[in-house]
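Trainee: Please read through the structure below; I'll follow up with questions.
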Amino acid sequence: MSSSPLKNLKLMMLDEMLISHFHLKPWILKLNSILRRRISHPLLELIYRIHEESQVDIITGFPVIREGRAYPDIDGLSGSIVLAEVLEQVVRDVRILTEPYSLNVLKELLPYTSLNDKSLLKGLTSTSSLSLEERDVAIFVEKPGANALGIYHNAYGENISNYCFHVEKILDNYGLTASIGDLGNEVGFGLINKAVKRHVKFGATCRCSCKAGIASSSKVDYPIISTTSNLGCYVLAACFSTINNVKFVHDPLREEVFIKRAVGLGAIDALSS
């Protein structure tokens, strides 16, 4: 892993892209500013701690509930695939973990990537044995996190606990943890819990009976704020590619393919639906 003034400039420019188009989500600038006072460059610090012997789990999947059924939020899916595609070129082992409602979509996206082994996709269920496994790195991507009362919420302040794998129970399995999110109701954003309660709708008081808000209470080593979690993954993948001199092949054409394919399989844009 090498660095140079030109690489460092590229990395800093990529890092700034995390909050591009922030006008679409006005709270992004506020949360990012408060986070950066605690950790100045969480994404860049993270990439320097992932090495060729690392075993990396990318854990994704946010349920969108329609008539009592869970559908995958489109945000986080393609990002996780692209991130895995870059990491696989360097690290010892990479897996993508997600609930069954997202698993089928991810399987259908694999043929459009260099990830030929479907065994890297693992299902998350309430009976998963992951609580017994120890791995090096966990990167959570648009993954719901519980509030102080252990309740999981969507952006509208609704209780979605029954549809979520409760990821907090596996946090201690990893030596290094990161989480990419855009709202603060994702796992690991406890470091800016007060800011989420102050600046995000339903952050302090939700619409479900718990009334304790959607702000996540757990903490990871590196929470990463991004305008969308897919964008956060693309930036992370591009930075990792730059540092390690490996291929980053994602482009607008494949992005369009990913989105159309995912939507065709039932994925939903939660904030616009």
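Residue numbers for the sequence shown follow numbering that gives the first Met the number 0, beginning at 0 and rising by one. Glycine residues also receive a C-beta, built at the ideal position from the N, C-alpha and C atoms.
State the Cα-Cα distance for the pair residue 168 and residue 120, rounded to the nearest angstrom.
Mentor: When rounded, the distance between both Cα atoms is 20 Å.
Trainee: Beta-carbon separation of residue 213 and residue 202 under 8 Å?
Mentor: Yes, these two residues count as a Cβ contact at 8 Å.
Trainee: Residue 121 lies in the beta strand (DSSP E); which residues open and close that run?
Mentor: Unbroken beta strand (DSSP E) run through residue 121: 120-122.
Trainee: Helix, strand or coil, according to DSSP, for residue 48 in the structure here?
Mentor: Looking at residue 48 - three-state DSSP - the assignment turns out to be coil, as it is neither helix nor strand.
Trainee: Secondary structure at residue 24, three-state DSSP: helix, strand or coil?
Mentor: Of the three classes helix, strand and coil, the one that applies to residue 24 here is coil, per DSSP.
Trainee: With a 10 Å radius around its C-beta and 16 neighbouring C-beta atoms as the bar for buried, classify residue 141 as buried or exposed.
Mentor: Looking at its Cβ environment, which holds 16 or more other Cβ atoms inside 10 Å, residue 141 is buried.
Trainee: Roughly how many angstroms separate the alpha carbons of residue 163 and residue 98, rounded to a whole number?
Mentor: Their backbone Cα atoms lie some 8 Å apart in a straight line.
Trainee: Starting from the C-beta of residue 14, find all residues in its chain whose C-beta is less than 8 Å away, skip the five residues before and the five after it, and write them out in chain order.
Mentor: These residues qualify, in order along the chain: 40, 42, 43, 234, 238.
Trainee: Of the choices 116, 22, 159, whose alpha-carbon is the least far from that of residue 65?
Mentor: Among 116, 22, 159, the Cα nearest to that of residue 65 belongs to 159.
Trainee: Which residues does DSSP list as the beta-bridge partners of residue 72?
Mentor: 267.
Trainee: State the CB to CB distance for the pair residue 181 and residue 228, rounded to an integer number of angstroms; the pair is presumed to be in contact (CB under 8 Å).
Mentor: Yes, residue 181 and residue 228 are in contact; Cβ-Cβ is about 6 Å, under 8 Å.
Trainee: Have a look at the DSSP bridge pairing and note the partners of residue 56.
Mentor: The partner list for residue 56 (beta bridge, DSSP) reads 94, 137.
Trainee: Of all the options 241, 216, 223, which has the alpha carbon lying nearest to the alpha carbon of residue 148?
Mentor: Out of 241, 216, 223, 216 has the C-alpha closest to the C-alpha of residue 148.
Trainee: Under the DSSP definition of a beta bridge, which residues are partnered with residue 158?
Mentor: DSSP output for residue 158 lists 152 as bridge partner(s).
Trainee: Please classify residue 185: does DSSP put it in a helix, a strand, or coil?
Mentor: It is a strand residue.
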